[in-house]
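First comes the structure, then the notes that go with it.
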Amino acid sequence: MTAVCLLCTRETVAPVAVGYIERASGPGVTIYACPDHAPDFIPGPLPAEMPPLRRA
288 MTAVCLLCTR ETVAPVAVGY IERASGPGVT IYACPDHAPD FIPGPLPAEM
338 PPLRRA
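Heads up: the sequence shown begins at 288 in our numbering, then just goes up one per residue.
In structure tokens form, the structure reads like this:
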């Protein structure tokens with residue numbers, strides 16, 4: 288898997304999940320960083336850390 292680093296905007300083959308953005312419609316988006324920049328981010332929330340959605 289490859290992803291673009293949020294900080295340096297370069298593509299990395301070893302992405303580290305550093306956050307998750309919930310969207311109103313459709314699935315959320317996982318934010319990635321390269322291994323060099325991952326320590327610069329406070330992690331979370333990640334998909335597994337999100338509370339389940341309540342359906343009315």
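Backbone N, C-alpha and C define an ideal beta-carbon position, used for all residues, glycine too. Quantities reported herein were computed from a predicted structural model and do not represent experimental measurements.
Identity of the residue in the options nearest residue i by Cα
i, options, result
"residue 329", "288, 315, 307 and 340", "307"
"residue 337", "314, 319, 325 and 321", "314"
"residue 291", "310, 320 and 309", "320"
"residue 305", "340, 341, 339 and 324", "324"
Paired residues, beta bridge with residue i - DSSP
i, result
"residue 304", "319"
"residue 299", "290"
Burial state of residue i, where buried means 16 or more other Cβ atoms lie within 10 Å
i, result
"residue 335", "exposed"
"residue 300", "exposed"
Whole-Å CB distance - residue i paired with residue j, under 8 Å assumed
i, j, result
"residue 310", "residue 303", "That pair is no contact at about 21 Å."
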